[in-house]
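Q: Numbering follows the working numbering, in which position 163 of the sequence shown is assigned residue number 859; successive positions increment by one, without gaps. Even glycine gets a Cβ: it sits at the ideal position worked out from N, Cα and C.
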Amino acid sequence: MKTAAALLLCLSSAVLARADDVPTRIAPGPPSGGVVTLALEELWRAGGDDGDVLFGRLNDILRHPNGEIMVLDNQLCQVEVFGPDGAHRRTLGREGDGPGEVRQAIGLAFLPGDLVGIGSGFPGKMVTLTLDGAPVATRYPIGEPSDGNIGVMISLRSGPGLLAATGGRLVFDTPETSYTERFLAVSDADGTGEFTRILPRRTPIDPTGRLWDEAADYYFDGRWTIDPDGHILVPLERDRYVISVVDRGGRELRRFGRELAPRRRTAADKDRAGPIINVNGQRNDDAWEICDTDEAVGRIMVDPDTGDVWVLTPHGANDQPDGVLQTWDVFAPDGEFVREVIVPLGHEIREGFCYLVGDGLLVVQRGTGTSLVENDAATEPADAEEPEPLEVICYRIR
């Protein structure tokens, strides 16, 4: 007889199962347009050791249609706004529980009526502000607290006609029937309507937090985006380089990707692995099932100017040659693998994140704002490099 946990595993597989008749385009070899190295012209920078703006830990960077660059600080729970010339113009939001305030800021969204949405991790909500920072409303993509929902919002995105967020909750019952529930919640662009949950997944958990299976717990938080047609681009499988194009109802329209084996992890990589929703906040390497390889897809972003889809794999984010920060795979809107793009900042920047923000601009977050080893500071190697100061640098792609 199957246990309740086994039944939940069957359910987990069923809700993410994909039809065999979905059009699929997987590149077997190199890109049609070869390898391109970006030529970058620095326009301005903010933060760093000598900057007037202090950053804590950054989570998202967007460019508003008015040309302003908005930088979301996860640690300080506020948005720093910069003009096209790099001048700091104002700060939006702050940490707290009042109107327009958030905790664990996790994503930016631009909404109709020149409103800015800021996601809050827990309690899972989105506050909306005017461009000058006045609070307007609070939305609950993950569920209203009045409904008894104690949900966590993990990522937030907006796109043409669409607002979406990933979230999750823990359901505790017996050791055999406790589980995590994960989903993508979608609504109209202003977020005032009902949020529909799509792509749900339930994964059995140990209520004590002692046991954890990384492969079974996979969800695409932070690895998805919205394309210019209002479709959701998401890697549904952990170990396959396949991007699914999904409509707002959760129907898979097509797939694209390339043949590329996942990157094998080092011992340090495995030491950093852990559940995104940790029951007791402790590591338990003796009973955790940690994968030997990284997820096949690390990040996805869409070039606002062309609609091309940029995919960063763990291969492209790690182990790059001297002089290279990252290498991205670029797909045309129809799924053709057209080129690999090298971001040549490895001499100046050891680690960071790239954001295509439109109008030919690439914004790079220099540094991560966290220790290179995400455990207790006492466990860091004696020869570990000091983390780079957090800095935001805006480049024009020439």
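Based on DSSP bridge pairs, tell me the residues matched to Cys987.
A: For this step, residue 987 is matched to residue 291 along the sequence shown. Beta-bridge pairing links Cys987 to no other residue.
Q: Evaluate Gly1063 with the Cβ neighbour count: other Cβ atoms within 10 Å of its Cβ, from every protein chain shown; 16 or more gives buried, anything less gives exposed.
A: To locate residue 1063, count along the sequence shown from 1; it is residue 367. Gly1063 comes out buried.
Q: Around the C-beta of Ala963, are 16 or more other C-beta atoms found within 10 angstroms, so that it is buried, or is it exposed?
A: Taking the first residue of the sequence shown as 1, we reach residue 963 at position 267. Flag for Ala963 reads exposed.
Q: To the nearest angstrom, how far is the alpha carbon of Gly855 from that of Phe806?
A: Reading the sequence shown from its first residue, position 159 is the one you call residue 855. Reading the sequence shown from its first residue, position 110 is the one you call residue 806. Taking the straight line joining both Cα atoms gives about 8 Å.
Q: Assuming Glu685 contacts Arg1046 under a Cβ cut-off of 8 Å, what Cβ separation, rounded to an integer in Å, is found between them?
A: What the structure shows of the chain is the stretch from 697 to 1094, and residue 685 is not part of that stretch, so it cannot be assessed.
Q: Flag this pair as touching only if the region 873-889 and the region 822-837 have three or more C-beta atom pairs under 8 Å; answer yes or no.
A: Yes, the region 873-889 is in contact with the region 822-837.
Q: Would you kindly work out how many angstroms separate the C-alpha atoms of Arg951 and Asp748, rounded to a whole number?
A: Counting from one through the sequence shown, the residue named residue 951 turns up at place 255. Counting from one through the sequence shown, the residue named residue 748 turns up at place 52. When rounded, the distance between both Cα atoms is 45 Å.
Q: Go to His682, then tell me how far its beta strand (DSSP E) extends in each direction, as first and last residue.
A: Only positions 697 to 1094 of the chain appear in this structure, which leaves residue 682 out of reach.
Q: Between which two residues does the beta strand (DSSP E) containing Thr1062 stretch?
A: Within the sequence shown, residue 1062 is the residue found at index 366, counting from 1. For the sequence presented, residue 1062 should be read as Arg rather than Thr. Leu1057 to Arg1062 is the extent of the beta strand (DSSP E) around Arg1062.
Q: Compare the beta carbon distance of Gly839 and Gly864 with 8 Å and say whether it is the shorter of the two.
A: Here the question's residue 839 lines up with position 143 in the sequence shown. Here the question's residue 864 lines up with position 168 in the sequence shown. No, they are not a contact pair.
Q: Are Thr733 and Ile973 closer than 8 Å when you measure CB to CB?
A: The residue labelled residue 733 in the question sits at position 37 within the sequence shown. The residue labelled residue 973 in the question sits at position 277 within the sequence shown. Cβ atoms of Thr733 and Ile973: not closer than 8 Å.
Q: Straight-line CA distance for Asp988 to Arg959?
A: By one-based count along the sequence shown, residue 988 stands at place 292. By one-based count along the sequence shown, residue 959 stands at place 263. Computed Cα separation, rounded: 9 Å.
Q: I think Asp923 touches Val998, with their Cβ atoms under 8 Å apart; what is that distance to the nearest whole Å?
A: Numbered from 1 along the sequence shown, position 227 holds the residue referred to as residue 923. Numbered from 1 along the sequence shown, position 302 holds the residue referred to as residue 998. Confirmed, Cβ separation roughly 5 Å.
Q: Over what stretch of residues does the alpha helix (DSSP H) that includes Ala963 continue unbroken?
A: Numbered from its first residue, the sequence shown carries residue 963 at position 267. Looking at the DSSP string, the run of the alpha helix (DSSP H) that includes Ala963 is Ala963 to Arg968.
Q: If you drop the 5 nearest sequence neighbours on each side, which residues of the same chain put their C-beta closer than 6 Å to that of Ile986?
A: Reading the sequence shown from its first residue, position 290 is the one you call residue 986. Counting only Cβ-Cβ distances below 6 Å, and skipping sequence neighbours, we find Glu910, Lys966 and Ala969.
Q: On the criterion of 16 or more Cβ atoms from any shown chain inside 10 Å, does Arg947 qualify as buried, or is it exposed?
A: Translated into positions along the sequence shown, residue 947 becomes position 251. Classification for Arg947: exposed.
Q: Considering only the beta carbon of each residue, do Val993 and Pro931 sit closer than 8 Å?
A: Walking along the sequence shown from the start, residue 993 turns up at place 297. Walking along the sequence shown from the start, residue 931 turns up at place 235. The answer is yes: Cβ separation under 8 Å.
Q: Can you list the alpha helix (DSSP H) stretches of 4 or more residues lying completely in the region 841-901, in chain order?
A: Those alpha helix (DSSP H) runs which fall completely within the region 841-901 and span 4+ residues do not exist here.
Q: Would you list the residues sitting across from Ser940 in a DSSP beta bridge?
A: Walking along the sequence shown from the start, residue 940 turns up at place 244. BP columns for Ser940 point to Val930 and Arg951.
Q: Quick one: Cα of Gly789 to Cα of Val775, how far?
A: As a working note, residue 789 is residue 93 in the sequence shown. As a working note, residue 775 is residue 79 in the sequence shown. Spanning the two alpha carbons is a distance of roughly 6 Å.
Q: DSSP three-state call for Ala735: helix, strand or coil?
A: Position 39 of the sequence shown holds residue 735. Three-state result, Ala735: coil.
Q: Going by beta carbon distance, what residues of the same chain come within less than 8 Å of Asp1004, once the five residues before and after it are set aside?
A: For the purposes of this step, residue 1004 is taken as residue 308 along the sequence shown, with counting starting at 1. Hits under 8 Å: Val998, Val1026, Phe1027, Ala1028, Pro1029 and Val1034.
Q: Using only the alpha-carbon positions, how far apart do Pro837 and Leu736 sit?
A: Counting from one through the sequence shown, the residue named residue 837 turns up at place 141. Counting from one through the sequence shown, the residue named residue 736 turns up at place 40. Cα to Cα, the separation comes out at about 38 Å.
Q: Is the beta carbon of Ile722 less than 8 Å from the beta carbon of Val941?
A: As a working note, residue 722 is residue 26 in the sequence shown. As a working note, residue 941 is residue 245 in the sequence shown. Result no, Cβ atoms of Ile722 and Val941 do not sit closer than 8 Å.
Q: Using the Cα positions of Gly820 and Ile928, report the straight-line distance between them to the nearest angstrom.
A: As a position in the sequence shown, residue 820 is number 124, starting the count at 1. As a position in the sequence shown, residue 928 is number 232, starting the count at 1. Gly820 and Ile928: Cα-Cα distance of roughly 21 Å.
Q: Using 10 angstroms around the beta-carbon of Glu738, count the other beta-carbons present and answer buried if the total reaches 16, otherwise exposed.
A: By one-based count along the sequence shown, residue 738 stands at place 42. Exposed: under 16 other Cβ atoms inside 10 Å.
Q: Can you tell me where the beta strand (DSSP E) holding Gly1012 begins and where it ends?
A: Locating residue 1012 in the sequence shown gives position 316, counting from the first residue. That residue, Gly1012, is in no beta strand (DSSP E); its alpha helix (DSSP H) goes Pro1010 to Ala1013.
Q: Residues in its own chain within less than 6 Å of Leu772 by CB, not counting five upstream and five downstream?
A: Within the sequence shown, the letter at position 76 stands for residue 772. Around Leu772: Gly752.
Q: Which term fits Phe868, buried or exposed, when burial requires 16 or more other beta carbons within 10 angstroms of its beta carbon?
A: Working through the sequence shown from its first residue, we reach residue 868 at position 172. It counts as exposed.
Q: Between Ser874 and Leu866, what straight-line distance do the alpha-carbon atoms span, to the nearest angstrom?
A: Sequence index remark: in the sequence shown, residue 874 carries index 178 (1-based). Sequence index remark: in the sequence shown, residue 866 carries index 170 (1-based). Taking the straight line joining both Cα atoms gives about 8 Å.
Q: What does the alpha-carbon distance come out to for the pair Pro1040 and Thr1009?
A: For the purposes of this step, residue 1040 is taken as the residue at position 344 of the sequence shown. For the purposes of this step, residue 1009 is taken as the residue at position 313 of the sequence shown. C-alpha separation (whole angstroms): 17 Å.
Q: Excluding five sequence neighbours on each side, which residues of the same chain lie with their C-beta closer than 6 Å to the C-beta of Arg786?
A: Position 90 of the sequence shown holds residue 786. So the list reads Val777, once near-sequence residues are dropped.
Q: For Arg799, which of helix, strand or coil comes out of DSSP?
A: In the sequence shown, residue 799 corresponds to position 103, counting from 1. Here Arg799 sits in coil by DSSP.
Q: Contact check, Leu804 vs Leu768 under 8 Å by CB: the rounded distance?
A: Your numbering for residue 804 matches position 108 in the sequence shown. Your numbering for residue 768 matches position 72 in the sequence shown. That pair is a contact at about 5 Å.
Q: For Pro726, count neighbouring Cβ atoms within 10 angstroms of its own Cβ and tell me buried if that reaches 16, exposed if not.
A: Counting from 1 along the sequence shown, the entry for residue 726 is found at position 30. So Pro726 ends up on the exposed side.
Q: Excluding the 5 residues flanking Gly730 on each side, which residues of the same chain have their C-beta closer than 7 Å to its C-beta?
A: In the sequence shown, counting from the first residue as 1, residue 730 sits at position 34. Hits under 7 Å: Arg1035.
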